[in-house]
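Engineer: Okay, here's the structure, questions in a sec.
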Amino acid sequence: MERVIAQRVLKMSFLVAFVGWIMIWIMLPTKTYKNIWTPYLDNKLNSSYFADQVLVSHLSSLFESRYHLPDMRILMGKTKGTNLLLFTFPVMFIAAFGCIYLHLKKNSEKPKLSPRYELVFINISKTDDLILHGVLKMNMHGTACMHRDGKCVRLGGFWKRPAVVMAPLGVVSAIELVFGVMFITLLIWSLSNYLYVSFGQLHNHDGAKVWQAKFRSVSLRLGYVGNICWAFLFFPVTRGSSILPLVGLTSESSIKYHIWLGHISSVLFVAHT
């Protein structure tokens, strides 16, 4: 019982840490994060454990004067320690305590019994007919299924069915398609907010025209958006990863997502250069 409670507490902690990590990426390109969150976090998280703040602030001022980047402080300066904590600690926390969770889960698992019902996937076109003639039961594996004519239809199977089969994506299930759309939406959101904030603070340096300043700003912000792809790209996909089993993935199945992220980041950084 204690192990079950510990597993639930760890799972909830992982969920809170991951949702908070995603929220940081969502808020990062906004004015709220830059004008309100950043000064507050700098004052609370400013520490010499992360970097020599005097040296880093000097380098930040040098880059701002040399390359005319008014928001270079997001990447350097006092926010260096803040970024290290906000963007690396949640993932490190999940990876470290994920080992403990998987150990507890492995020791608490009971031997699997033979199933009482045979799992057979059938296509049902009418939901009313399923409700009228089907009976919801539970097999001995704990899998909920709807029985009809002696056959078992696993609930939630729609999300795992192939939704798109095309090159170069391959076979994409419905749930993969949904999460893919959400990720692309995050990239578009970040780029649009970065451009909205930067276009409002354009400075005409060295006699450059407005379109040249905008072009330089767009190229810089494409690199910022590419960092989001890298954040997910560097999740470990090895067989011994403690993060993949937490979301039901294996090393082999996650390679597909790793390739997709690599292609997207390559496109963004080529456009950035």
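Residue 582 is where the sequence shown starts when you use this note's numbering, and the numbers rise one by one after that. C-beta atoms are modelled at their ideal positions from N, C-alpha and C, and glycine is treated no differently.
#1: When the Cα atoms are used, what is the spatial distance from Asn688 to Phe780?
#2: State the beta-bridge partners of Gly751 as determined by DSSP.
#3: Is it a yes or a no for the region 586-594 touching the region 674-689, going by three-plus beta-carbon pairs under 8 Å?
#4: Please return the same chain residues whose Cβ sits closer than 7 Å to the Cβ of Trp811, not counting the five positions on each side in sequence.
#5: Tell whether a beta-carbon distance below 8 Å holds between Val806 and Ser835.
#6: Give the straight-line distance between the Cα atoms of Leu683 and Val752, rounded to the nearest whole angstrom.
#7: Return yes when the Cβ of Val799 is within less than 8 Å of the Cβ of Lys612, no when it is not.
#8: What does the Cβ neighbour count give for Thr669, buried or exposed, with the cut at 16 atoms within 10 Å?
#9: Taking all protein chains shown into account, decide if Thr854 is buried (16 or more other Cβ within 10 angstroms of its Cβ) or exposed.
#10: Cα separation between Ser822 and Asn616?
#11: Where Leu685 and Ile586 are concerned, what is the direct C-alpha to C-alpha distance, given to the nearest angstrom?
#12: Taking all protein chains shown into account, do 16 or more other C-beta atoms lie within 10 angstroms of the C-beta of Asn802, making it buried, or fewer, making it exposed?
#13: Between which residues of its own chain and Leu768 is the CB-CB distance below 6 Å, once the five residues before and five after are set aside?
#14: According to DSSP, simplified to helix, strand and coil, what is Gln588?
#15: On the CB-based measure, 16 or more other CB atoms within 10 Å of its CB, does His714 come out buried or exposed?
#16: When you compare only the Cα positions, how much space is there between Ser773 and Ala748?
#17: Quick one: measure Cβ to Cβ for Thr609 and Thr663, integer angstroms, because I've assumed they're closer than 8 Å.
#18: Should Pro620 be labelled buried (16 or more other beta-carbon atoms within 10 Å of its own) or exposed?
#19: The alpha helix (DSSP H) with Trp811 in it runs from where to where?
Structural biologist: Per the coordinate set shown:
#1: Asn688 and Phe780: Cα-Cα distance of roughly 56 Å.
#2: Met747
#3: yes
#4: Taking Trp811 as the centre and dropping the five residues before and after it, the same chain places the C-beta of Ser846 closer than 7 Å to its C-beta, in chain order.
#5: no
#6: 29 Å
#7: No. Outside cutoff.
#8: For Thr669, the number of other beta carbons within 10 angstroms of its own is below 16, and it is reported as exposed.
#9: exposed
#10: 37 Å
#11: 10 Å
#12: Note that residue 802 is Arg in the sequence shown, not Asn. Under this definition Arg802 is a buried residue.
#13: Scanning its chain for C-beta atoms nearer than 6 Å, with the 5 sequence neighbours on each side dropped, one finds around Leu768 the residues Val806, in chain order.
#14: helix
#15: With a pLDDT of only 42 at His714, under 50, the local geometry of the prediction cannot be trusted, and no value is derived from it.
#16: 29 Å
#17: Per the sequence shown, the amino acid found at residue 609 is Leu instead of Thr. Not quite, the Cβ-Cβ distance comes to about 11 Å (not below 8 Å), so this is no contact.
#18: exposed
#19: Val791 to Leu814
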